[in-house]
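**Student:** Chains as they are written, first to last, in this note's numbering: chain L, 1 to 310; chain Z, 1001 to 1310.
Protein chains: 2
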Amino acid sequence: MKVPRDNARYKGVFPVVPSIFDKSGNLDLDGQHRCLDFMIDCGCHGLCILANFSEQFLLSDNEREILTKDILEYVAGRVPVIVTTTHFSTKICAERSQQAEQFGASMVMIMPPYHGATLRVSGEQIFEFYKAISDAISIPIMIQDAPMSGTFLSVPLLVRMAKELENISYFKIETPQAANKLRQLIAEGGKYIEGPFDGEEGITLLSDLRAGAKGAMTGGGYVDGIRQVFDPFMEGNLEEAKNAYMRWLPLINLENRQGSFATAKILMKEGGIIHHDGLRAPLPPVSAEIRSEILEIAKQLDVLALRWAR
Amino acid sequence: MKVPRDNARYKGVFPVVPSIFDKSGNLDLDGQHRCLDFMIDCGCHGLCILANFSEQFLLSDNEREILTKDILEYVAGRVPVIVTTTHFSTKICAERSQQAEQFGASMVMIMPPYHGATLRVSGEQIFEFYKAISDAISIPIMIQDAPMSGTFLSVPLLVRMAKELENISYFKIETPQAANKLRQLIAEGGKYIEGPFDGEEGITLLSDLRAGAKGAMTGGGYVDGIRQVFDPFMEGNLEEAKNAYMRWLPLINLENRQGSFATAKILMKEGGIIHHDGLRAPLPPVSAEIRSEILEIAKQLDVLALRWAR
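Put into structure tokens, the structure is as follows:
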């Protein structure tokens, strides 16, 4: 019988670390290190690597391993690191998760099994999948409930896993009406929902915090701004949180709806933190117009990314 | 300016080779070899490995490489082998394709870039993706036009790629109304459509042959049956082809709609060719009832798979 914890091990703003490539599209580990130093200085409570905003679907298995090992060594415990280890195969996902733990990950984040437009598995198989991963490791698992997987995860299924599976304790809810789902999850799962998180760059952050989210997995470019919303909310100062959210929402919106994966890299390149902000092909580059809009609003908000390396 | 060929390099029945696992879910190369010997004896004109029916989405990069190298060595030119090298990243797909060519692949098969339920790229990015792969290798590419990718490939885009990209010459059409699309593709692309193929286990084989398909990529369990349709059709004996198609359609239908990935392995295991017919988790096992239905009709049709190893 699983015993829930009284205190969550991890809370706060855990942005996604973009994967940094050089102009040829190869891994740029020097750039990656500067990106990590910046993100830590920017005030993140933790980091998440190899997520969708890290272009994880554009990496080889070998590159995933290199990044996992290198980033965990470089961060060296300064903040906890969540490693995304999603794979359709239970066996491969378990092996990836074991390796991440061995390299020093504090948590793994895993979407339910999916492939392409058409291949999905049922609720029972999803339970068995997460059970096998939970049994294979001894660090917490964050279930990533995202539209990318094309898989509906019901609140009863999530609660059942939280109650029955030792390491299923964190939930990143980024489906439509995330606040409703977070509220229902917390109501039905109680203490077993150790870490209710939201995602999606923080586009619904205020509603999600009001629904009980204790963490946010945002983009990596302006944690300084996200903290301006998160911190007052957690201190009980709703008015200040609301004002900050209204101030930062235009930039969050540009990232969520326009710049997507590239937004954090555009800010870091403009600020001289990294040399290249390109996405891997076949993802198209961000248009000059959207790039300008992002930088315009970022300057107005005085984001740290544009000042940190100067 | 690309010059189309007068004669297609590859025609005929090119079944998908299932990936054989042992009872723990590890690669079973001995079983894989027996599977290959059987499939070649069964009368295939060529083979395709690492396709969706090979559970390609359940393999690690390393396992893909092991299977590619091992299978090409073991087949040793007895029949041409198509290697599926689909990956979302242009760079990784190009590298996989170069490696497949180096190991001795006759062709690579590639779906357009996709990931999960939501990530797709536009027509221009699809063109650039295939262009980069075509430029990276010197063997033909089969574009796999399948619902799994969730990407609509228009006939004009396919024809443009056939005419402009040196190695884009084969087309496996397995979208709804495949016969219509094949007919239109051949009408608009002429000699540039060197290899119009169908797929989907042969469920629409007769209509597709009548539409001009010169090849079929079917399941791996009963090429002896598929040849009973294919050969008379190619010899101009439509009546015999129709009768054979009517005879084999119940088994094809069971594979296409019920047994799916597992069908070929079930037949091979029942026939003593391989020891384990399990799919990798989280794919559920085929139910006892469906397994019985498959074997019942296969016995009635006297499939070679049930006799070959006896």
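Every residue, glycine too, gets a C-beta built ideally from N, C-alpha and C.
Hey, how far is the Cα of F1127 (chain Z) from the Cα of E1174 (chain Z)?
**Tutor:** Here the question's residue 1127 (chain Z) lines up with position 127 in the second sequence. Here the question's residue 1174 (chain Z) lines up with position 174 in the second sequence. Taking the straight line from one Cα to the other gives about 20 Å.
**Student:** Could you work out which residue in Z:D1208, Z:G1259, Z:G1202 and Z:K1265 is closest to R1247 (chain Z) when comparing CA atoms only?
**Tutor:** Taking the first residue of the second sequence as 1, we reach residue 1247 (chain Z) at position 247. R1247 (chain Z) has its Cα closest to that of Z:G1202, out of Z:D1208, Z:G1259, Z:G1202 and Z:K1265.
**Student:** Where do the ends of the beta strand (DSSP E) carrying S1097 (chain Z) lie?
**Tutor:** Locating residue 1097 (chain Z) in the second sequence gives position 97, counting from the first residue. Taken as a continuous stretch (DSSP letters only), S1097 (chain Z) belongs to no beta strand (DSSP E), being part of the alpha helix (DSSP H) at T1090 to F1103.
**Student:** In its own chain, which residues sit with a C-beta less than 8 Å from the C-beta of I1266 (chain Z), not counting the 5 before and 5 after it?
**Tutor:** Sequence index remark: in the second sequence, residue 1266 (chain Z) carries index 266 (1-based). Same-chain partners within the cutoff: G1221, G1259, D1277, V1286, R1291, I1294 and L1295.
**Student:** Count the CB pairs spanning the region 87-101 of chain L and the region 1127-1136 of chain Z that are closer than 8 Å, and state whether there are at least three.
**Tutor:** Output reads no: the region 1127-1136 of chain Z does not touch the region 87-101 of chain L.
**Student:** Can you pull the chain L residues whose beta carbon is under 9 Å from the beta carbon of M1148 (chain Z), in chain order?
**Tutor:** Residue mapping note: residue 1148 (chain Z) aligns to position 148 of the second sequence, counting from 1. Under the 9 Å cutoff, chain L gives H115, G116, A117, T118 and L119.
**Student:** Should the region 177-185 of chain L be regarded as contacting the region 1135-1153 of chain Z, the criterion being three or more beta carbon pairs within less than 8 Å?
**Tutor:** Taking 8 Å as the limit for Cβ pairs, the verdict is that the region 1135-1153 of chain Z does not touch the region 177-185 of chain L.
**Student:** Buried or exposed: where does K299 (chain L) fall if 16 or more other Cβ atoms within 10 Å of its Cβ makes it buried?
**Tutor:** Walking along the first sequence from the start, residue 299 (chain L) turns up at place 299. It is exposed - the Cβ of K299 (chain L) has fewer than 16 other Cβ atoms within 10 Å.
**Student:** L1249 (chain Z): which of Z:N1237, Z:S1054 and Z:S1207 sits nearest, CA to CA?
**Tutor:** Position 249 of the second sequence, counting from 1, holds the residue named residue 1249 (chain Z). The option with the nearest alpha carbon to L1249 (chain Z) is Z:S1207.
**Student:** If the cut is a Cβ gap below 8 Å, which residues of chain L does L1283 (chain Z) touch?
**Tutor:** The residue labelled residue 1283 (chain Z) in the question sits at position 283 within the second sequence. Result: V121 and Q125.
**Student:** Measure from the alpha carbon of Y1245 (chain Z) to the alpha carbon of each residue in Z:P1284, Z:A1288 and Z:L1301, then state which is nearest.
**Tutor:** Along the second sequence, read from residue 1 onward, the residue named residue 1245 (chain Z) stands at position 245. Closest option to Y1245 (chain Z), Cα to Cα, is Z:L1301.
**Student:** Mind listing the chain Z neighbours of I92 (chain L)? Cutoff is C-beta to C-beta under 9 Å, in chain order.
**Tutor:** Within the first sequence, numbered from 1, the residue matching residue 92 (chain L) stands at position 92. By Cβ distance, chain Z contributes L1058, L1059, S1060, E1063 and R1280.
**Student:** By the DSSP assignment, the alpha helix (DSSP H) with G123 (chain L) in it spans what residues?
**Tutor:** Walking along the first sequence from the start, residue 123 (chain L) turns up at place 123. Note, G123 (chain L): alpha helix (DSSP H), G123 to A136.
**Student:** Counting only Cβ-Cβ distances shorter than 9 Å, please list the residues of the region 1077-1089 of chain Z near chain L, keeping chain order.
**Tutor:** Of all residues in the region 1077-1089 of chain Z, H1087, F1088 and S1089 have a Cβ within less than 9 Å of some Cβ in chain L.
**Student:** Mind pulling the chain L residues with CB within less than 8 Å of E1128 (chain Z)?
**Tutor:** In the second sequence, the residue the question calls residue 1128 (chain Z) occupies position 128. Within chain L, the residues near E1128 (chain Z) are A281 and P282.
**Student:** According to DSSP, is G1215 (chain Z) helix, strand or coil?
**Tutor:** In the second sequence, the residue the question calls residue 1215 (chain Z) occupies position 215. The answer is strand: DSSP assigns G1215 (chain Z) an E or B state.
**Student:** For G195 (chain L), which beta-bridge partners are listed by DSSP?
**Tutor:** Reading the first sequence from its first residue, position 195 is the one you call residue 195 (chain L). Answer by DSSP bridge pairing, in chain order: L:Y170.
**Student:** Could you say which of L:V13, L:G31 and L:Y10 lies nearest to A309 (chain L) if we only look at CA atoms?
**Tutor:** Here residue 309 (chain L) refers to the residue found at position 309 when the first sequence is read from its first residue. It is L:G31 whose Cα lies nearest to the Cα of A309 (chain L).
**Student:** Between R9 (chain L) and P140 (chain L), how many whole angstroms is the CB-CB distance? I'm expecting something under 8 Å.
**Tutor:** Position 9 of the first sequence, counting from 1, holds the residue named residue 9 (chain L). Position 140 of the first sequence, counting from 1, holds the residue named residue 140 (chain L). Confirmed, Cβ separation roughly 7 Å.
**Student:** Name the one or two DSSP bridge partners that Y1114 (chain Z) has.
**Tutor:** The residue labelled residue 1114 (chain Z) in the question sits at position 114 within the second sequence. Per DSSP, Z:R1120.
**Student:** Short check: CB of S1024 (chain Z) to CB of E1055 (chain Z), under 8 Å?
**Tutor:** By 1-based counting over the second sequence, the position of residue 1024 (chain Z) is 24. By 1-based counting over the second sequence, the position of residue 1055 (chain Z) is 55. Against a cut-off of 8 Å, the Cβ pair of E1055 (chain Z) and S1024 (chain Z) comes out as no contact.
**Student:** Check each candidate in Z:M1142, Z:V1159 and Z:P1176 and name the one with the smallest Cα separation from Y1170 (chain Z).
**Tutor:** As a working note, residue 1170 (chain Z) is residue 170 in the second sequence. Nearest option by C-alpha distance: Z:M1142.
**Student:** Please go through the same chain and pick out, in chain order, the residues whose beta-carbon is closer than 7 Å to the beta-carbon of L306 (chain L), but skip the five residues on each side of it.
**Tutor:** The sequence position of residue 306 (chain L) within the first sequence is 306, counting from 1. Counting only Cβ-Cβ distances below 7 Å, and skipping sequence neighbours, we find L267, E270, G271, A298 and K299.
**Student:** Can you find a C-beta in chain L that's less than 8 Å from the C-beta of G1025 (chain Z)?
**Tutor:** In the second sequence, the residue the question calls residue 1025 (chain Z) occupies position 25. Closer than 8 Å to some Cβ of chain L, the Cβ of G1025 (chain Z) qualifies, so yes.
**Student:** With a Cβ-Cβ cutoff of 8 Å, do I1049 (chain Z) and T1085 (chain Z) count as a contact?
**Tutor:** Here residue 1049 (chain Z) refers to the residue found at position 49 of the second sequence. Here residue 1085 (chain Z) refers to the residue found at position 85 of the second sequence. No.
**Student:** Alpha carbon to alpha carbon, how far is R1257 (chain Z) from A1178 (chain Z)? Give it in angstroms, no decimals.
**Tutor:** Residue numbering aside, residue 1178 (chain Z) sits at position 178 when the second sequence is read from its first letter. Residue numbering aside, residue 1257 (chain Z) sits at position 257 when the second sequence is read from its first letter. Rounded to the nearest angstrom, the two C-alpha atoms are 17 Å apart.
**Student:** Taking C-alpha atoms, which residue in Z:C1044, Z:P1004, Z:F1038 and Z:T1068 lies nearest to L1027 (chain Z)?
**Tutor:** For the purposes of this step, residue 1027 (chain Z) is taken as residue 27 along the second sequence, with counting starting at 1. L1027 (chain Z) has its Cα closest to that of Z:T1068, out of Z:C1044, Z:P1004, Z:F1038 and Z:T1068.
**Student:** Going by C-alpha distance, which of Z:A1105, Z:H1087, Z:E1095 and Z:A1094 is nearest P1112 (chain Z)?
**Tutor:** Looking up residue 1112 (chain Z) in the second sequence gives position 112. Taking only the C-alpha atoms, the option nearest P1112 (chain Z) is Z:H1087.
**Student:** Please confirm whether any heavy atom of the ligand MG lies closer than 7 Å to the CB of Q56 (chain L).
**Tutor:** By its list of ligands, the structure shown contains no ligand whatsoever, and the ligand MG lies outside what it can speak to.
**Student:** Just curious, the beta strand (DSSP E) that T84 (chain L) is in, first and last residue?
**Tutor:** As a first step, residue 84 (chain L) is located in the first sequence; it is residue number 84 there, counting from the start. Looking at the DSSP string, the run of the beta strand (DSSP E) that includes T84 (chain L) is V81 to T84.
**Student:** Starting from F21 (chain L), follow its DSSP beta bridges and name the residues at the other end.
**Tutor:** Start at 1 with the first residue of the first sequence, and residue 21 (chain L) comes out as number 21. Its beta-bridge partners are L:L27.
**Student:** Alpha carbon to alpha carbon, how far is E63 (chain L) from F233 (chain L)? Give it in angstroms, no decimals.
**Tutor:** Within the first sequence, the letter at position 233 stands for residue 233 (chain L). Within the first sequence, the letter at position 63 stands for residue 63 (chain L). Those two C-alpha atoms are separated by around 38 Å.
**Student:** With 16 as the cutoff for other CB atoms within 10 Å, does E255 (chain L) come out buried or exposed?
**Tutor:** Along the first sequence, read from residue 1 onward, the residue named residue 255 (chain L) stands at position 255. E255 (chain L) comes out buried.
**Student:** With 16 as the cutoff for other CB atoms within 10 Å, does R1227 (chain Z) come out buried or exposed?
**Tutor:** As a first step, residue 1227 (chain Z) must be located in the second sequence, where it is residue number 227. So R1227 (chain Z) ends up on the buried side.
**Student:** Return the Cβ separation of E1164 (chain Z) and K1002 (chain Z) in integer angstroms, given the expectation that the two are a contact with Cβ distance under 8 Å.
**Tutor:** The residue labelled residue 1164 (chain Z) in the question sits at position 164 within the second sequence. The residue labelled residue 1002 (chain Z) in the question sits at position 2 within the second sequence. Going by Cβ atoms, the distance from E1164 (chain Z) to K1002 (chain Z) rounds to 7 Å, so yes, they are a contact pair.
**Student:** Using a Cβ-Cβ cut-off of 8 Å (strictly less than) and excluding sequence neighbours within five positions of L313 (chain L), which residues of its own chain qualify?
**Tutor:** Residue numbering for chain L in the displayed model covers 1 to 310; residue 313 (chain L) lies beyond these limits and cannot be assessed.
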